[in-house]
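*Asks:*
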Amino acid sequence: MEINDLIQQRQLLKAFQSIKYLEDEIVTEMDGKDSDDKSTEFSRKVKDVDLLYNSIANKIKSIVKDTLDHPTIEEKLLTSLVELIADEEKAHARAEGTETPESTSLGMPRKWREVWKDSVKESAEERILQVPMTPEKDKDSWLAVHLGFLRKNVKEDLLKIKCSVQKCYPEDYKVCDMYVECFHNAISSHLQGLLQRHLEFNELYALLDWVANMYHSETLLGHPDLQPEVKTENLPLLLPPATWEKLKNDYTDSLKEKIKSYFDNMLKLEITEKWEKELQPELVQNQYNSSLYFDIQTIIAEHMKTSGKISTSLGNAVLEICLVDLKEYIPRFVRVFLEWDKEKSFSLFLVYLAAYINSFHDLITGLQTNFAADTKELEKVLADVTMNFRKRFLNKLEVKTQPLFKKILTKTWVSSNEILNSILSTTVQFSQDLIHLREPTNKASSKPIINQSQMSTFATEEPNYQHIITDHFGVQTAGFSARRSQVLGERVHCTGHQTKKKNETLPAAGREQKNERRSHSYNRDTQ
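So the sequence shown is residues 10 to 536, counted in my numbering.
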């Protein structure tokens, strides 16, 4: 049987023995001739030996690569491969370290152990490239699916190496270490190749999670059945530090866009599902409630949890990103709401005003309690938007009461409380939804539109008109003249019920002085 046939049939030991015999003959022949006497036939024989040795080297590569491709391991074949490498090393041991003639490698070591190592490396690379990958356009989670297959395939290959392949080699081959190192390097190159693509938020997270949590876990390198042979202590980082930092930065940049998208969608849902449909907010403990604060905290909590699994710094980055975005989002939300009301004359304006202010205060409290967040800047934002709400409320109140105030400076109002009562009745009726407005915990950071306890008084007791109008509703802030407020205040003190109540609490001398001043003021204003 010819040597080539032996090689093709993987009878490599016999093939090597035949090639070595030819090589020895040529070496003997070469030693007996001068360089000038070497014929073309001699050169052809030398070339044939090299080609045959190269054929064996290629067959070694093929056997190593096929090892993991087949369901079962051909143990006899691998054992004969190890014996072949050992025979070659022994046969050429004398030539080890000697200089090789430039024209030929005849009689020199063929370094088939290095061929084996290179074959293991190439085998690992090819196995990684064979992992299924769904086209990006066909599935949003294509990368997560691919990484799942990668984990599964690598684990199965390593289990096969540990349980079946390793026993076919001597200990000095360190088969498990060799394969683990080669797979590690192949995976690293593969992941860096994936990072050259444009990756979306979910894809960036899938990569981060796979590298940080999946790779060394019990689902892959840390699998109990791989221990103790599979050692990871001496492995380099799966991704170089610079690449890892860039991946995290890309993730945080994408997270910013994701958070902004969440907030934008919340606003759209408020418009389409609540404002347009004029849905009444629910009452919780007699306070109007909006789900905004809960939805925002849920988003923060979920992303802090998932990002925190990658690293503490990424988890903290989520909170920082959300706090920064909220400083822009809350004013924008309020601005859109006020514009909607201006355009539509929203019938539930005060109801939603109360619900949103309550929700924003709940949000700040939740951020402080649940996330230990520094909310000082956000509290300033809330104070500003509350003031914007307050201005709109007072403007609306002014429009409601303006026609009635015009009647005050007539003689008709002197003899009757009807006009004044109409003003106050209109004010109370317009403001009644504010009963369900929660007072802020930090009163220094937010000026209330109206004190809830005072609003409760409207419905149960005869109100102190001057206090209500000048203090809580800010009539002057709404644009009423100081003179009108003064006239109104003085007129209120002249009404019988209120005057009687106030006089009863004064000493006699005080009542005389107060009545004298009131009479003088009253006479002056009615002339």
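Quick reminder that beta carbons are idealized off the backbone N, C-alpha and C, glycines included.
Among 192, 260, 139 and 77, which has the Cα closest to the Cα of residue 224?
*Replies:* For this step, residue 224 is matched to residue 215 along the sequence shown. Cα-wise, what sits closest to residue 224 is 192.
*Asks:* Helix, strand or coil for residue 430? Go by DSSP, reduced to three states.
*Replies:* By one-based count along the sequence shown, residue 430 stands at place 421. Note: residue 430 maps to helix in three-state DSSP.
*Asks:* Within a Cβ cutoff of 8 angstroms, which residues of the same chain sit near residue 330, ignoring the five residues on either side of it in sequence?
*Replies:* Here the question's residue 330 lines up with position 321 in the sequence shown. So the qualifying residues of the chain are 261, 264, 265 and 268.
*Asks:* Would you identify the three-state DSSP class for residue 178, choosing helix, strand or coil?
*Replies:* Position 169 of the sequence shown, counted from the start, is the residue given in the question as residue 178. Looking at residue 178 - three-state DSSP - the assignment turns out to be coil, as it is neither helix nor strand.
*Asks:* Hey, residue 278 and residue 190: beta-carbon distance below 9 angstroms or not?
*Replies:* If you number the sequence shown from 1, residue 278 lands on position 269. If you number the sequence shown from 1, residue 190 lands on position 181. For residue 278 and residue 190, no; Cβs fall outside 9 angstroms.
*Asks:* Below 8 angstroms on the Cβ atoms is my contact criterion, and I expect residue 213 with residue 259 to pass it. Report the Cβ-Cβ distance as a whole number of Å.
*Replies:* Translated into the one-based positions of the sequence shown, residue 213 becomes position 204. Translated into the one-based positions of the sequence shown, residue 259 becomes position 250. Right, the Cβ-Cβ distance comes to about 6 angstroms (below 8 angstroms), so this counts as a contact.
*Asks:* Excluding the 5 residues preceding and the 5 following residue 70 in the sequence, name in chain order all residues of the same chain whose CB lies nearer than 6 angstroms to its CB.
*Replies:* Here the question's residue 70 lines up with position 61 in the sequence shown. Here the set comprises 128.
*Asks:* As a quick exercise: from 99, 433 and 149, pick the residue whose alpha carbon is nearest that of residue 208.
*Replies:* Residue 208 sits at position 199 when you count from the first residue of the sequence shown. The option with the nearest alpha carbon to residue 208 is 149.
*Asks:* Which of helix, strand or coil does DSSP assign to residue 236?
*Replies:* Within the sequence shown, residue 236 is the residue found at index 227, counting from 1. Three-state result, residue 236: coil.
*Asks:* By alpha-carbon positions, which one of 353, 166, 51 and 140 ends up nearest to residue 81?
*Replies:* The residue labelled residue 81 in the question sits at position 72 within the sequence shown. Of the listed residues, the one whose Cα sits closest to residue 81 is 166.
*Asks:* Counting only beta-carbon separations shorter than 9 angstroms, does residue 235 have a partner in chain B?
*Replies:* Protein chain content of the structure displayed is limited to a single chain, and chain B is not contained in it.
*Asks:* Give the single residue among 168, 194, 186 and 170 whose Cα lies nearest to the Cα of residue 131.
*Replies:* The count along the sequence shown starts at 1 and reaches residue 131 at position 122. Ranking 168, 194, 186 and 170 by Cα distance to residue 131 puts 194 first.
*Asks:* Tell me the rounded alpha-carbon separation between residue 447 and residue 318.
*Replies:* As a first step, residue 447 must be located in the sequence shown, where it is residue number 438. As a first step, residue 318 must be located in the sequence shown, where it is residue number 309. Going from the Cα of residue 447 to the Cα of residue 318 covers about 37 angstroms.
*Asks:* Going by C-alpha distance, which of 365, 281 and 272 is nearest residue 308?
*Replies:* Residue mapping note: residue 308 aligns to position 299 of the sequence shown, counting from 1. When only C-alpha atoms are compared, the closest one is 272.
*Asks:* Out of 334, 37, 39 and 114, point me to the one whose CA is closest to residue 62's CA.
*Replies:* Along the sequence shown, one-based indexing puts residue 62 at 53. The shortest Cα separation from residue 62 among 334, 37, 39 and 114 belongs to 114.
*Asks:* I need the DSSP call for residue 32, collapsed to helix, strand or coil.
*Replies:* The residue given as residue 32 occupies position 23 in the sequence shown. Helix.
*Asks:* Hey, would you say residue 280 sits closer than 9 angstroms to residue 199, going by beta carbons?
*Replies:* Taking the first residue of the sequence shown as position 1, residue 280 is located at position 271. Taking the first residue of the sequence shown as position 1, residue 199 is located at position 190. Going by C-beta atoms, residue 280 is not nearer than 9 angstroms to residue 199.
*Asks:* What residue range does the alpha helix (DSSP H) around residue 61 cover?
*Replies:* Residue 61 sits at position 52 when you count from the first residue of the sequence shown. Residues 49-78.
*Asks:* By how many angstroms is the C-alpha of residue 300 removed from the C-alpha of residue 368?
*Replies:* As a working mapping, residue 368 is identified with position 359 in the sequence shown. As a working mapping, residue 300 is identified with position 291 in the sequence shown. Using only the alpha carbons, I get a separation of about 7 angstroms.
*Asks:* Exposed or buried, what is residue 408 when buried is set at 16 or more other beta-carbons lying within 10 Å of its beta-carbon?
*Replies:* Counted from its first residue, the sequence shown places residue 408 at position 399. Exposed, by the Cβ-count rule.
*Asks:* By DSSP's criteria, residue 297 is part of a beta bridge. Which residues make up the other side?
*Replies:* In the sequence shown, counting from the first residue as 1, residue 297 sits at position 288. Partner(s): 292.
*Asks:* Quick check: the Cα distance between residue 316 and residue 64, rounded to an integer number of angstroms?
*Replies:* Here residue 316 is taken as the residue at index 307 of the sequence shown, counted from 1. Here residue 64 is taken as the residue at index 55 of the sequence shown, counted from 1. C-alpha separation (whole angstroms): 53 angstroms.
*Asks:* Which stretch, first to last residue, makes up the alpha helix (DSSP H) that contains residue 185?
*Replies:* Residue numbering aside, residue 185 sits at position 176 when the sequence shown is read from its first letter. From DSSP, the alpha helix (DSSP H) with residue 185 extends over 184-203.
*Asks:* Among residues of its own chain, excluding the 5 on either side of residue 74, which ones have a beta-carbon nearer than 7 angstroms to its beta-carbon?
*Replies:* Along the sequence shown, one-based indexing puts residue 74 at 65. Here the set comprises 128, 131, 132 and 135.
*Asks:* One question on the structure: do residue 341 and residue 391 come within less than 9 angstroms of each other, judged by their Cβ atoms?
*Replies:* Residue 341 sits at position 332 when you count from the first residue of the sequence shown. Residue 391 sits at position 382 when you count from the first residue of the sequence shown. In this structure, residue 391 does not lie closer than 9 angstroms to residue 341 by Cβ.
*Asks:* Which word fits residue 14, buried or exposed, when buried means at least 16 other C-beta atoms lie within 10 angstroms of its C-beta?
*Replies:* One-based indexing of the sequence shown puts residue 14 at position 5. The residue in question, residue 14, is exposed, as its Cβ has fewer than 16 Cβ neighbours within 10 Å.
*Asks:* Apart from the five residues on each side of it in sequence, which residues of its chain come closer than 8 angstroms, Cβ to Cβ, to residue 86?
*Replies:* In the sequence shown, residue 86 corresponds to position 77, counting from 1. Correct list, in chain order: 19 and 72.
*Asks:* Could you tell me the boundaries of the alpha helix (DSSP H) in which residue 253 lies?
*Replies:* On the sequence shown, position 244 is the one that residue 253 refers to. Note, residue 253: alpha helix (DSSP H), 250-278.
*Asks:* Rounded to whole angstroms, what is the Cα-Cα separation between residue 236 and residue 298?
*Replies:* Mapped onto the sequence shown, residue 236 falls at position 227. Mapped onto the sequence shown, residue 298 falls at position 289. Taking the straight line joining both Cα atoms gives about 56 angstroms.
*Asks:* Going along the chain, which residues of its own chain have a beta-carbon closer than 8 angstroms to the beta-carbon of residue 28, five neighbours each way excluded?
*Replies:* Residue numbering aside, residue 28 sits at position 19 when the sequence shown is read from its first letter. Around residue 28: 12, 58, 61, 62 and 65.
*Asks:* Per DSSP, what kind of secondary structure is residue 352 in: helix, strand or coil?
*Replies:* As a working note, residue 352 is residue 343 in the sequence shown. Residue 352 falls in the helix class under three-state DSSP.
*Asks:* Can you tell which of 238, 219 and 218 has the C-alpha that lies nearest to the C-alpha of residue 187?
*Replies:* Mapped onto the sequence shown, residue 187 falls at position 178. The shortest Cα separation from residue 187 among 238, 219 and 218 belongs to 238.
*Asks:* Specify the secondary structure class of residue 39 as computed by DSSP and reduced to three states.
*Replies:* Residue numbering aside, residue 39 sits at position 30 when the sequence shown is read from its first letter. Three-state DSSP puts residue 39 in a helix.
*Asks:* Could you tell me the distance, in whole angstroms, from the CA atom of residue 389 to the CA atom of residue 143?
*Replies:* In the sequence shown, the residue the question calls residue 389 occupies position 380. In the sequence shown, the residue the question calls residue 143 occupies position 134. Whole-angstrom Cα-Cα distance: 49 angstroms.
*Asks:* Report the rounded CA-to-CA distance for residue 196 versus residue 141, giving the unit in angstroms.
*Replies:* Locating residue 196 in the sequence shown gives position 187, where the first residue counts as 1. Locating residue 141 in the sequence shown gives position 132, where the first residue counts as 1. Cα-Cα distance, rounded: 14 angstroms.
*Asks:* Use the C-beta contact count for residue 350: other C-beta atoms within 10 angstroms, 16 or more gives buried, fewer gives exposed.
*Replies:* Here residue 350 refers to the residue found at position 341 of the sequence shown. Its Cβ being crowded by 16 or more others within 10 Å, residue 350 is buried.
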